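Here the structure is laid out as structure tokens; the discussion comes afterwards.
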Amino acid sequence: MELRQRVLQEMEAPLVRCAAALAAAFRGGGRLFAFGNGGSSTDAQSVAALFTGRGLPAVSLAADSAFVTALGNDVGFEVVFARQLAALGGPGDVAFALSTSGGSANVLHGLAQAASLGMVTVGFAGAGGGRMAGEGPAEHLFVVPSSSVHRIQEAQATLYHVLAELVSADAR
Numbered sequence: 001m002e003l004r005q006r007v008l009q010e011m012e013a014p015l016v017r018c019a020a021a022l023a024a025a026f027r028g029g030g031r032l033f034a035f036g037n038g039g040s041s042t043d044a045q046s047v048a049a050l051f052t053g054r055g056l057p058a059v060s061l062a063a064d065s066a067f068v069t070a071l072g073n074d075v076g077f078e079v080v081f082a083r084q085l086a087a088l089g090g091p092g093d094v095a096f097a098l099s100t101s102g103g104s105a106n107v108l109h110g111l112a113q114a115a116s117l118g119m120v121t122v123g124f125a126g127a128g129g130g131r132m133a134g135e136g137p138a139e140h141l142f143v144v145p146s147s148s149v150h151r152i153q154e155a156q157a158t159l160y161h162v163l164a165e166l167v168s169a170d171a172r
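Per UniProt numbering, the sequence shown runs over residues 1 to 172.
This is how it looks when you write it as structure tokens:
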């Protein structure tokens, strides 16, 4: 509980800036594409559900296991999100990446692809932010200062719930 409260306090201003960017994207007809691996894949589905439940277009790129496993097997797991974004995303859309380590190659490739398409890029990471923080592919980056995967995911969930509330209040 203490970590979540601290993260909310420390990240209030960046959350407000990110919410404004996402609301502008939605007002302009943009869509949100969320993605991550493992537990972060589940969080990506939660993010998509939060926004879709508020009437805003959002989808999890990790939800289609047939596509993810086929592309991973046939081409390479590192491109499963980048390929989907290349096919579906475009300027004015939002890429919402989640990783507890900040170092997942496929998540980083997805963010890089999104940036090259002119998408708004949002990254959620833990610990020191990993390569997600070091390589700078996310224009809105939220790093939870913990090495515990469980605490990172709890704090990230708190942040993306607040973000969804802020965006839905401003996106119409």
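Yeah, the Cβ is synthetic: ideal placement off N, Cα and C, and Gly gets one too.
In this text, all values refer to a predicted model and were calculated from it rather than measured experimentally.
Check                                                                                                                                                                                 : Outcome
In whole angstroms, what separates the C-alpha of Thr42 from that of Gly123?                                                                                                          : 15 Å
Based on the DSSP output, what are the partners of Ala58 in its beta bridges?                                                                                                         : Leu32
In chain order, which alpha helix (DSSP H) runs of at least 4 residues are fully inside the UniProt domain "SIS" (22-172)?                                                            : 39-52, 65-71, 80-88, 105-116, 130-135 and 149-170
Could you check whether the segment 11-28 touches the segment 69-77, counting it as contact only if at least three pairs of C-beta atoms, one from each stretch, sit closer than 8 Å? : no
I need the straight-line Cα distance from Gly28 to Asp93, nearest angstrom please.                                                                                                    : 9 Å
Since Val59 and Phe33 are thought to touch, with beta carbons under 8 Å apart, how far apart are those beta carbons, to the nearest angstrom?                                         : 6 Å
Measure the alpha-carbon distance for Ala86 versus Gly38 and round it to whole angstroms.                                                                                             : 22 Å
Less than 8 Å between the C-beta atoms of Ala125 and Val149, yes or no?                                                                                                               : no
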